[in-house]
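J.: Take 587 as the starting number for the sequence shown in my numbering and just add one per residue. The beta-carbon is built from N, C-alpha and C at its ideal position, and this holds for glycine as well.
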Amino acid sequence: MAKRSSLSIRIVEGKNLPAKDITGSSDPYCIVKVNNEPIIRTATVWKTLCPFWGEEYQVHLPPTFHAVAFYVMDEDALSRDDVIGKVCLTRDILASHPKGFCGWAHLMEVDPNEEVQGEIHLRLEVVRGTRGCHLRCSVLEARDLAPKDRNGASDPFVRVRYKGRTQETSVVKKSCYPRWNETFEFELEDGATEALCVEAWDWDLVSRNDFLGKVVVNMQKLCAAQQEEGWFRLQPNQSKSLRRQGEGNLGSLQLEVRLRDETVLPSGCYQPLVQLLCREVKLGTQDPNHQLIQIIEETTSTECRQEVANNLLKLFLGQGLAKDFLDLLFQLELSRTSEANTLFRSNSLASKSMESFLKVAGMRYLHGILGPIVERVFEEKKYVELDPSKVEVKDVGCSGLHRPQTEADVLEQSAQTLRAHLGALLSALCRSVRACPAVVRATFRQLFRRVRERFPSSQHENVPFIAVTSFLCLRFFSPAIMSPKLFHLRERHADARTSRTLLLLAKAVQNVGNMDTPVSRAKETWMEPLQPTVRQGVAQLKDFITKLVDIEEKEELDLQRTLSLQAPPVKEGPLFIHRTKGKGPLTSSSFKKLHFFLTTEALSFAKTPSSKCVNDLNQWLSALRKVSINNAGLLGSYHPGVFSGNKWSCCHQRDKTDGGCDKTRSRVTLQEWNDPLDHDLEAQLIYRHLLGVEATLREKYSEVSRNTEEAGPVPLGPGEAPEDPLAQLFLVLKDLQEAHSSSPAGPPPSESCHLLQLQT
């Protein structure tokens, strides 16, 4: 049994932000910190006080999670970025919102006295002797302190205060991982109630010392416990923030944040549920008595349909039944669809599951096709516009030395640019049949066949092709073109000019995907200049789909076997390697750019990339943590600095074999589309959903039972399970409930337990 905690984060938008630039605007972005560790950086939205991000993340949390903070920053090209404000949500706040925190939160001013991080190692003892009772406080070391100086470190010392008396440690220069090993004693009276305060400070020669955090100890509990030793998390000074909390003069941030703590049972506990669901998928629509998947779909609300689709898809992917599961959903959707033009247009379980499937199984394929096209659009930064009502001639400059550009010139050049991008995209797509993953091709084959069987007439000749393009073009390629940041094609959002080009290109792709129907042409007549390319693209796309779905079972198995022999890539992209040349005071440093490739088995690199991919430091750290999470030899601590000049640069220890001054953070990871599947967690999440809709399922069961009453009850032998899948499901849910009830219950895992309750 294991505890799994995660955060679902959606950073929606901001409003009424203060202007930080001389232009009267700002260039805002967000930094998300989990336990003071930066995990996420959103894209920068340029020149606005009301930015929209719409970025979603899933973060796997460590047992010590205590708070998540959102910092709104203003990006500056020539100076340090400005801090606009922040929103902080603690574990307690999130736990009080079981369905998630959702809404607007006022930004608060960032006070340096509140921006604390790190922990301090203390040994506290109550010593009784002939001369009375004494309090002995040993300040041993600290780790991960906030860097307050320009050199990226601090000069920390500790101030210990008790009953008006203050004692201080020595100052450790240029370190965020200091070690003191100093002890202080204070006289202690019986029944003492005044708290002991241990404060960490950054020493400055000229300016005021900077506050690094504090620990306040309840003396009554210490006297009862007699002694306590451990790592204590440094706390901020909160008196000022409480007065400023309701001001809201820094603007607001709209967030959707949900904390989920799941107790995952051993795999054997979930086997009956998994086997029941897999049997239902294998039977498909052959047996009318087995309609469990259909009933789950009918009882799933619109709000949680995407989440349920993700969980079911990942569960069946792990069982090798993703294609069969989607095929069953295709058949269910086709059975209730009478009009061909409404097929797969709703947000049904089939549509949501197929979207998730393409992101999990086809994201690398998408990157290979769209990556170069999107990169070219961003590099060219051309002004492109086809709508005459939106053309701004002043934005495009002059086409020659003497004659300014006219509206007709703009429209013609825009059409040429879009035709070139669309043609390049379609050409890349047509060449990619063999590059498409076998399981994706096989799934599209099933979709194509099912639709053709449902609509066999000649007037519906294009319907099977449109069914494939409704997912491939309308729900996969087009959204990625419009929002490349959300599909990891770019690190930043596009500016207004590039966004318009991408939007027009996405519209053209949609027209091709709709097979250039009269309805799609009538919506925006100003797209007419692209019609020759669109018509040609329709013919190319139909030829591509015909080849795509022409995959036999043997070829599918051969391709899957070939891919299974290759370690799946977890991350790839460029990194800069620091190299120091020579020794002594005249050493020089340089950086070499190499392309790294991380799999579950190895970390390799080359001088040039085989494919382009944008990565940042946090994503690399997250990926490295994932592949080493099951590493039995993972160190519990490490040195974040380097051993140079006979000492570690981080903690100044002279023993090269020293065990490390900072703890290894192996649990904070970002969920990505190519993460390894966690079968037990997916089964637990499905169980949790089914338990939530159990009452509705029982109503459905009553309806089914009334309809079959005339046939008479089916007698069961001793110990024999009922054949009805819903009845079996209720038994499985009951057994899982009992397993959870008998499992050791308790609060979410937290930091190492101390006998003392810290005061703030």
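Measure the C-alpha to C-alpha separation of residue 1279 and residue 1316 and round it to an integer number of angstroms.
T.: The residue given as residue 1279 occupies position 693 in the sequence shown. The residue given as residue 1316 occupies position 730 in the sequence shown. C-alpha separation (whole angstroms): 11 Å.
J.: Looking only at DSSP bridge pairs, what is residue 671 linked to?
T.: In the sequence shown, residue 671 corresponds to position 85, counting from 1. In the DSSP output, where bridge partners are listed per residue, residue 671 has 658.
J.: If you reduce the DSSP assignment to three classes, tell me which class residue 687 lands in.
T.: For the purposes of this step, residue 687 is identified with residue 101 of the sequence shown, where counting begins at 1. Here residue 687 sits in strand by DSSP.
J.: Shortest alpha-carbon distance to residue 869 belongs to which of 914, 852 and 881?
T.: Along the sequence shown, one-based indexing puts residue 869 at 283. Among 914, 852 and 881, the Cα nearest to that of residue 869 is on 914.
J.: Can you say whether residue 897 is buried or exposed, counting buried as having 16 or more other CB atoms within 10 angstroms of its CB?
T.: On the sequence shown, position 311 is the one that residue 897 refers to. Its Cβ being crowded by 16 or more others within 10 Å, residue 897 is buried.
J.: According to DSSP, simplified to helix, strand and coil, what is residue 1111?
T.: The residue given as residue 1111 occupies position 525 in the sequence shown. It is helical.
J.: At which residues does the alpha helix (DSSP H) containing residue 1039 begin and terminate?
T.: Sequence index remark: in the sequence shown, residue 1039 carries index 453 (1-based). 1024-1040 is the span of the alpha helix (DSSP H), which, as asked, contains residue 1039.
J.: First and last residue of the alpha helix (DSSP H) that includes residue 1098?
T.: Translated into positions along the sequence shown, residue 1098 becomes position 512. From DSSP, the alpha helix (DSSP H) with residue 1098 extends over 1082-1099.
J.: DSSP three-state label for residue 1224, please.
T.: To locate residue 1224, count along the sequence shown from 1; it is residue 638. It is a strand residue.
J.: With distances taken Cα to Cα, identify the nearest neighbour of residue 928 among 803, 1282, 646 and 1052.
T.: What you label residue 928 is simply residue 342 of the sequence shown in a count that begins at 1. For the residues 803, 1282, 646 and 1052, the minimum Cα distance to residue 928 belongs to 1052.
J.: Please state the DSSP three-state secondary structure of residue 881.
T.: Numbered from its first residue, the sequence shown carries residue 881 at position 295. In the structure shown, residue 881 sits in a helix (DSSP, three-state: H, G or I).
J.: Does the Cβ-Cβ distance between residue 1015 and residue 1091 come in under 8 Å?
T.: Working through the sequence shown from its first residue, we reach residue 1015 at position 429. Working through the sequence shown from its first residue, we reach residue 1091 at position 505. No, these two residues do not count as a Cβ contact at 8 Å.
J.: Near residue 639, what residues of its chain come up, given a Cβ to Cβ distance below 6 Å and the 5 sequence neighbours on each side ignored?
T.: Position 53 of the sequence shown, counting from 1, holds the residue named residue 639. The residues are 597 and 628.
J.: Under DSSP, the alpha helix (DSSP H) around residue 809 begins and ends at which residues?
T.: For this step, residue 809 is matched to residue 223 along the sequence shown. Where residue 809 is concerned, the enclosing alpha helix (DSSP H) stretches over 805-811.
J.: Residue ranges of each alpha helix (DSSP H) run of no fewer than 4 residues wholly in the region 749-821, ordered along the chain?
T.: Runs found: 805-811.
J.: Can you round the beta-carbon distance between residue 729 and residue 1249 to whole angstroms, since I take them to be within the 8 Å contact cut?
T.: Locating residue 729 in the sequence shown gives position 143, counting from the first residue. Locating residue 1249 in the sequence shown gives position 663, counting from the first residue. About 7 Å; that satisfies the 8 Å criterion.
J.: Please state if the CB of residue 616 and the CB of residue 657 are separated by a distance shorter than 8 Å.
T.: One-based indexing of the sequence shown puts residue 657 at position 71. One-based indexing of the sequence shown puts residue 616 at position 30. Against a cut-off of 8 Å, the Cβ pair of residue 616 and residue 657 comes out as a contact.
J.: Indicate the three-state DSSP secondary structure (helix, strand or coil) for residue 743 in the structure shown.
T.: Indexing the sequence shown from 1 puts residue 743 at position 157. Three-state DSSP puts residue 743 in a strand.
J.: Looking only at its own chain, which residues have a Cβ that is under 7 Å from the Cβ of residue 855, when we skip the five neighbours before and after it?
T.: Here residue 855 refers to the residue found at position 269 when the sequence shown is read from its first residue. So the qualifying residues of the chain are 1322 and 1325.
J.: Going by DSSP, what residues sit across from residue 577 in a beta bridge?
T.: Lying before the first or after the last residue shown, residue 577 is absent from the chain, which here runs from 587 to 1346.
J.: In its own chain, which residues sit with a C-beta less than 7 Å from the C-beta of residue 751, not counting the 5 before and 5 after it?
T.: The sequence position of residue 751 within the sequence shown is 165, counting from 1. If we look at residue 751 and ignore the five residues flanking it on each side, its Cβ neighbours are 772.
J.: Residues in the same chain with beta-carbon distance under 6 Å from residue 1152, minus the five sequence neighbours each way, listed in chain order, please.
T.: Here residue 1152 refers to the residue found at position 566 when the sequence shown is read from its first residue. A caution first: residue 1152 carries a pLDDT of 45, below 50, which makes its placement in the model too unreliable to give a value.
J.: Take residue 796 and list the residues in its own chain whose beta-carbon comes closer than 6 Å to its own, dropping the five residues that flank it on each side.
T.: For the purposes of this step, residue 796 is identified with residue 210 of the sequence shown, where counting begins at 1. Around residue 796: 734 and 788.
J.: Consult DSSP for residue 886 and reduce its assignment to one of helix, strand or coil.
T.: The residue given as residue 886 occupies position 300 in the sequence shown. Here residue 886 sits in coil by DSSP.
J.: Go through its chain and collect everything with a Cβ distance to residue 595's Cβ below 6 Å, but skip five positions before and after it.
T.: Residue mapping note: residue 595 aligns to position 9 of the sequence shown, counting from 1. Excluding sequence neighbours, residue 595 sits near 643 and 843.
J.: Keeping to the same chain, check which residues put their C-beta closer than 6 Å to that of residue 1270; ignore five residues upstream and five downstream.
T.: Along the sequence shown, read from residue 1 onward, the residue named residue 1270 stands at position 684. The answer, listed in chain order, is 848 and 850.
J.: Could you check what DSSP says for residue 944 in three-state terms: helix, strand or coil?
T.: To locate residue 944, count along the sequence shown from 1; it is residue 358. In this structure, residue 944 counts as helix in the three-state DSSP scheme.
J.: Considering just the uninterrupted stretch of the beta strand (DSSP E) at residue 842, what are its terminal residues?
T.: Against the sequence shown, residue 842 aligns to sequence position 256. Residues 838-850.
J.: How is residue 916 classed by DSSP in three states: helix, strand or coil?
T.: Position 330 of the sequence shown, counted from the start, is the residue given in the question as residue 916. It is helical.
J.: What is the DSSP secondary structure of residue 1021, reduced to helix, strand or coil?
T.: In the sequence shown, residue 1021 corresponds to position 435, counting from 1. Coil at residue 1021, not helix or strand.
J.: Excluding the 5 residues flanking residue 1087 on each side, which residues of the same chain have their C-beta closer than 6 Å to its C-beta?
T.: Residue 1087 sits at position 501 when you count from the first residue of the sequence shown. Counting only Cβ-Cβ distances below 6 Å, and skipping sequence neighbours, we find 963 and 970.
J.: Could you tell me how far apart the beta carbons of residue 1238 and residue 758 are, in whole angstroms, since I believe they sit closer than 8 Å?
T.: Here the question's residue 1238 lines up with position 652 in the sequence shown. Here the question's residue 758 lines up with position 172 in the sequence shown. Indeed, because the Cβ distance is near 7 Å, the residues count as touching under 8 Å.
J.: Chain D beta carbons: is any one of them nearer than 8 Å to that of residue 614?
T.: In the structure shown, chain D does not exist; there is a single protein chain.
J.: Could you tell me which residues DSSP puts in a beta bridge with residue 600?
T.: As a first step, residue 600 must be located in the sequence shown, where it is residue number 14. Answer is 839.
J.: For a test of the three-state rule: what should DSSP assign to residue 1265, helix, strand or coil?
T.: In the sequence shown, counting from the first residue as 1, residue 1265 sits at position 679. Looking at residue 1265 - three-state DSSP - the assignment turns out to be helix.
J.: Pairing CB atoms from the region 1032-1047 with CB atoms from the region 1060-1080, are three or more of them under 8 Å?
T.: Result no; under three Cβ-Cβ pairs closer than 8 Å.
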